[in-house]
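A.B. asks: Please read through the structure below; I'll follow up with questions.
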Amino acid sequence: MKGGHTTFKNPDIYSRLDFKIKFFIRPEKIGTKSSKETLQKNILKYSFHEEILPITGKNGLNYKDREFLVLFGNKVKENIRNEHFGVSELSYCLHMSRKNLHRKIKILTGVSPCELIRNIRLSKSVELLNSGKYSVSEISYLVGFSSVSYFSKCFSDRFGVPPSKV
66 MKGGHTTFKN PDIYSRLDFK IKFFIRPEKI GTKSSKETLQ KNILKYSFHE EILPITGKNG
126 LNYKDREFLV LFGNKVKENI RNEHFGVSEL SYCLHMSRKN LHRKIKILTG VSPCELIRNI
186 RLSKSVELLN SGKYSVSEIS YLVGFSSVSY FSKCFSDRFG VPPSKV
């Protein structure tokens, strides 16, 4: 490749190139940022997206991404009883900044790290409810919720039924 001349062997590359061009030159709201800042931001966002989500397999996750999500889940499960264990503590355990953790989790799962932690806690609560050994209030504290009413609200929002009905 010399200068601006590029040849493609695969016709699918044309659609990817069209996407890349539209992504970088997408118009922003007038008066918010200069075009140079917007272009730099889009380049960083796209580069990070390519680094995290290479096209490998049906689900789009490579081995390192799956390994990272397993590590994420294990760290949450290790600290599931700790109601103060949140994104800050998790980012410290994973040796990354909160911002990078948020960006990576959002790209991989489509939800924020806080929401993913909550979903892991709620999934564990379903297991405990199905065991029949604990009451709803005990389970809410066992999975790291400091308030039974907030636990019930989150549970109902996530699964469509209150925890007392499970």
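The numbering used here numbers the first residue of the sequence shown as 66 and each following residue consecutively.
Beta carbons are placed, not taken as given, at the ideal position from N, Cα and C, and that holds for glycine.
As the structure is a prediction and not an experimental result, all values here were calculated from the model.
1. Within 10 Å of its beta-carbon, does C179 have 16 or more other beta-carbons around it, so buried, or fewer, so exposed?
2. Between which two residues does the alpha helix (DSSP H) harbouring P178 extend?
3. Quick one: residues in its chain with C-beta nearer than 7 Å to the C-beta of S162, no 5 flanking neighbours on either side, listed in chain order?
4. Here's the rule: buried if 16 or more other CB atoms are within 10 angstroms of the residue's CB, otherwise exposed. What is R131?
5. Apart from the five residues just before and just after S153, which ones in its own chain have a Cβ nearer than 7 Å to its Cβ?
6. According to DSSP, is N139 part of a helix, a strand, or is it coil?
7. Which one of L134, Y206, S190 has the shortest CA to CA distance from R223?
8. Compute the Euclidean distance between the alpha carbons of S205 and S212, then round it to the nearest angstrom.
C.D. replies: According to the structure data:
1. The residue given as residue 179 occupies position 114 in the sequence shown. By the 16-neighbour rule on beta-carbons within 10 angstroms, C179 is exposed.
2. By one-based count along the sequence shown, residue 178 stands at place 113. Per DSSP, P178 belongs to the alpha helix (DSSP H) from 178-196.
3. Sequence index remark: in the sequence shown, residue 162 carries index 97 (1-based). When the five nearest sequence neighbours on each side are left out, the beta carbons in the same chain lying within less than 7 Å of the beta carbon of S162 are those of S156, in order along the chain.
4. Numbered from 1 along the sequence shown, position 66 holds the residue referred to as residue 131. By the 16-neighbour rule on beta-carbons within 10 angstroms, R131 is exposed.
5. Sequence index remark: in the sequence shown, residue 153 carries index 88 (1-based). In chain order, R163 place their CB closer than 7 Å to the CB of S153, counting only its own chain and leaving out the 5 sequence neighbours on each side.
6. On the sequence shown, position 74 is the one that residue 139 refers to. The answer is helix: DSSP assigns N139 an H, G or I state.
7. Position 158 of the sequence shown holds residue 223. R223 has its Cα closest to that of S190, out of L134, Y206, S190.
8. Sequence index remark: in the sequence shown, residue 205 carries index 140 (1-based). Sequence index remark: in the sequence shown, residue 212 carries index 147 (1-based). Across the structure, S205 and S212 are spaced so that their CA atoms are roughly 7 Å apart.
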